[in-house]
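Numbering (the working numbering), first residue to last: 731 to 1442.
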């Protein structure tokens, strides 16, 4: 690689390069208002860590807990979230629950001969240990034998079967071995004690060593003479429970789309499916696991929830508690390390999905809250308009002498109705109903001279239309004016609140327009004085009781409007509370999620966990670049000391502000997808020049070679 390239290469890995992003470069097409391609939190641990990768080739130790940042709401995210193996529910939840109960009943009947025959075979195939003396085996045979050949079992009998199908426990067998091999164990302990005493060991050290010897002897004896037979028996039971789980899975209720009302239930269902599906897959890989007490009890405890379409807080607590089962000891006993990690990975992914659901729903709540606030503002604006419009009745009743007051009152009445008509389209149905009730009530009030508000507005609207048309057009006949008025009436008749006004304008157009227009030199012009004095003034001069009637209408409207405003405000308050309640940091499953994440990390190899940390949690788009780099690092004994420093960096990365610009630069554009960091365009130019230099050098070499050939 040439020095020219090294000097001008893009700064995509070095942390220092992140400070040199040129957002205003003329070729970058950077849009500061664009939506960032990834969230700040999505970068939380990955890119900054790469700054240190070059120096991470040292030795040391690390614990998985150092990989976990409890304040990071998105870590970790396994590569593929589990997909529930559920189908749409056919029939009611009750029928599904009955079907699940039926499957359990059938399984219990199937288990009866398997338990009896399996225990007998287990006893006979293990002559080195007298298993027939173990109390749990004796009790199981005694309790299950009466159920033999029964075609069906009661709930109590089913419970009896399931409670005895995982007996005996390993601890009981170990105790029996200690009892039967006491003499051999004591011989070994005596010999060991003599050696330790002669070596000068303390009494405490000798006692501890003897205890370890006894446990080691018992464990080795179990592994040599009992484990294989026990696993065979467990596999027999596990085959039946595996069939039960697969049949129950097919009946599971589908997980609905989360919303603010059901997100907690949805998260519980996601976890429920993850546990059930994970256990089913694990038992399919190792049937003996299906005969383990923790697995059987977890299956029985959770299967009833698979038919529920909503879950209570108590249900959720049971499910989240079950996410910690089976224990690490149980998984390690039956599964390969990778298979155990896969199960824990599925649980961790379910918690990640739960956090994402909460975040998504909170975003929806914010949008809904904003919509309600906009709705409230729109309604309050319409309410204010109606209040001002009706309060205009005081202007109308006070306009008795002055023409300006009369015209002002009329024009305010017209403008108010026009505004309310336009606002009506932006209101919800229940809000429209309020205005549909009280606007006509006010329009139907009589102002004076037997003229209603509707007629009063129709008069001023007609005169305004006549004035505008005749002053802008040469009109020689009142027929034309009447035609224009009729067109105006037709145009507004379907507008909210204008049907009656439209009819009144048509009535005016059908009568003589003596007080509206006059002939002036052969042209029709507005007749303002007569309109004001003869059409409007008689109405405003005698308004007995109009203002009081308007006040009554306004009071009724205010009562209805205030009730609606209070309702909207309460909805907004409820959404704010719901938004706070659904904060992932305060989720009810926070403690269980932390345990699940740590269990997953402890069950996964360090290399794989770190790859997930970098690639899947933080920088999925850069996986093609990072995956080969990370996989080449040997995490066995080469990387640990420096990894401690690395993980301290990644663990606190969420407080690093430098990546704000990087996140902003990763925009939704053809440039932002691929060209995400550094002096990209300068580098492209440098590379093109370097290619040209290489081409020139090649041509020079070719020319030199040709010349040399001529002289040879």
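Even for Gly, the Cβ is constructed at its ideal location relative to N, Cα and C. All values reported here derive from a predicted model rather than from experimental measurement.
For chain D, is any of its Cβ atoms less than 8 Å away from the one on residue 902? Considering every chain present, this structure includes no chain D. It has just one protein chain.
Option nearest residue 1111 by Cα separation, candidates 991, 882, 1291: 1291
Give a yes or no on contact between the stretch 1057 to 1069 and the stretch 1016 to 1035, applying the rule of three or more CB pairs nearer than 8 Å. yes
In the DSSP assignment, the beta strand (DSSP E) including residue 1174 goes from what residue to what residue? Where residue 1174 is concerned, there is no enclosing beta strand (DSSP E), given that its DSSP letter is neither H nor E.
Are residue 915 and residue 891 close, meaning C-beta to C-beta below 8 Å? no
Close beta carbons around residue 1247, own chain, < 7 Å, minus the five adjacent residues each side: 1196, 1200, 1208, 1211, 1254, 1255, 1256, 1257
To which residues does DSSP link residue 1248 through a beta bridge? 1255
Going by DSSP, what residue range makes up the alpha helix (DSSP H) through residue 1038? No alpha helix (DSSP H) contains residue 1038, which DSSP labels as neither H nor E.
Does residue 1365 pass the burial test, meaning 16 or more other C-beta atoms within 10 Å, or should it be called exposed? Interpretation of residue 1365 is limited by its pLDDT of 43, a score under 50 that renders its predicted location unreliable; the figure taken from the coordinates is listed afterwards. So residue 1365 ends up on the buried side.
Straight-line CA distance for residue 1114 to residue 1143? 14 Å
Any heavy atom of the ligand ADP closer than 7 Å to the CB of residue 929? Among the components modelled here there is no ligand, and therefore nothing to report on the ligand ADP.
Let me make sure I understand the geometry here. Which of 985, 882, 1265 has the alpha-carbon closest to that of residue 721? Examination of residue 721 is not possible in this model, given that the chain is present from 731 through 1442 alone.
Can you tell me the Cα-Cα spacing of residue 956 and residue 852, whole angstroms? 9 Å
Test item: CB-CB of residue 1000 and residue 1080 under 8 Å: yes
Return helix, strand or coil for residue 958, following the three-state DSSP convention. helix
Quick test of your reading: residue 1116 and residue 1227, contact by CB under 8 Å. State the CB separation rounded to the nearest angstrom. Residue 1116 to residue 1227, Cβ: 11 Å. No contact.
Compare the C-alpha of residue 1279 against each of 1124, 962, 924 and name the closest. 1124
Which of the three DSSP states is assigned to residue 878 in this structure? coil
If we count the other Cβ atoms within 10 Å of its Cβ and call it buried at 16 or more, is residue 857 buried or exposed? exposed
Look up residue 917 in the DSSP assignment and say whether it is helix, strand or coil. helix
Between the alpha carbons of residue 1011 and residue 1053, how many angstroms are there, rounded? 15 Å
Tell me, to the nearest whole angstrom, how far the beta carbon of residue 1146 is from that of residue 1119; I am working on the premise that it is less than 8 Å. 3 Å
Give the range of the alpha helix (DSSP H) segment to which residue 856 is assigned. First-last for residue 856: undefined, no H or E at that position.
Presumed contact (8 Å Cβ cut-off) between residue 1273 and residue 1127, rounded CB distance: 4 Å
Under a three-way DSSP split, which group does residue 1158 fall into? coil
Jot down the residue ranges of each uninterrupted alpha helix (DSSP H) in the stretch 1028 to 1083, minimum 4 residues, whole runs only, in chain order. 1043 to 1052, 1058 to 1064
Determine, using beta carbons only, whether residue 1090 and residue 988 come nearer to each other than 8 Å. yes
Residue 1181 (DSSP reduced to helix, strand or coil): strand
Is the stretch 891 to 911 touching the stretch 822 to 842 in the sense that three or more CB pairs, one from each, lie closer than 8 Å? yes
Identity of the residue in 1057, 1037, 1424 nearest residue 1023 by Cα: 1057
Does the Cβ-Cβ distance between residue 1050 and residue 1319 come in under 8 Å? yes
Please state whether the Cβ-Cβ distance between residue 860 and residue 924 is less than 8 Å. no
Rounded C-alpha distance that separates residue 984 from residue 1088: 19 Å
Pick helix, strand or coil for residue 1266, following the three-state DSSP scheme. helix
Do you know how far the Cα of residue 1015 is from the Cα of residue 906? 30 Å
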